[in-house]
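Structure first, then comments.
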Amino acid sequence: MEAALGLLRRMPPKQSETALSALLSLLPQHSSDLLSQVDLPLQVLRDAESRKDFILCEYNRDADSYRSPWSNKYHPPLEDALYPSSELRKLEVEANDIFAIYRDQ
1 MEAALGLLRR MPPKQSETAL SALLSLLPQH SSDLLSQVDL PLQVLRDAES
51 RKDFILCEYN RDADSYRSPW SNKYHPPLED ALYPSSELRK LEVEANDIFA
101 IYRDQ
């Protein structure tokens, strides 16, 4: 287990997901330890409607789809998806507008 974690620490971030997958298949008995101790780089997806990128994370995930904060649509589309309330969605849009001001400076 220590050797596996040492190997993952030395891997380039772009290869960490592939390396973790390989280690999970080699060491299935340590899968919960590996998954809890290894951080993978964040993934990004482009919203086709707004042409803006957004981060894929647990906070915008439902099943295997991710909700874009820009268009409020799931990618890939998802039936029976959960959406924020209108009040929360309004706050999300305002927060993104404020972040854009700082990003564009």
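In this text, residue positions in the sequence shown follow full-length UniProt numbering: the first is 1, and each later residue adds one. Positions of the beta carbon are idealized from the N, C-alpha and C atoms, including for glycine. Quantities reported herein were computed from a predicted structural model and do not represent experimental measurements.
Just list the residues that DSSP pairs ILE55 with in beta bridges. VAL44
Can you tell me which of the three DSSP states TYR74 falls into? strand
CA-to-CA distance, LEU35 to PRO13, given in whole angstroms: 15 Å
Taking GLU49 as the reference, give the member of SER86, HIS75, ARG89 with the closest Cα. HIS75
Would you decide whether PHE99 is buried or exposed? Buried here means 16 or more other CB atoms lie within 10 Å of its CB. exposed
Report the rounded CA-to-CA distance for LEU45 versus ASP64, giving the unit in angstroms. 13 Å
In chain order, what residues of the same chain lie with their CB nearer than 7 Å to the CB of ASP33, ignoring the 5 residues before and after it? MET1
Could you give the first and the last residue of the continuous alpha helix (DSSP H) run that contains TYR83? That residue, TYR83, is in no alpha helix (DSSP H); it is neither H nor E in DSSP.
Please name the residue or residues paired with ARG65 in a DSSP beta bridge. Residue identity check: residue 65 is Ser in the sequence provided, not Arg. According to DSSP, SER65 bridges with ASP62.
Range of the contiguous alpha helix (DSSP H) that encloses GLN37: 31 to 37
Quick check: what's the CA-CA separation for SER25 versus LEU40? 17 Å
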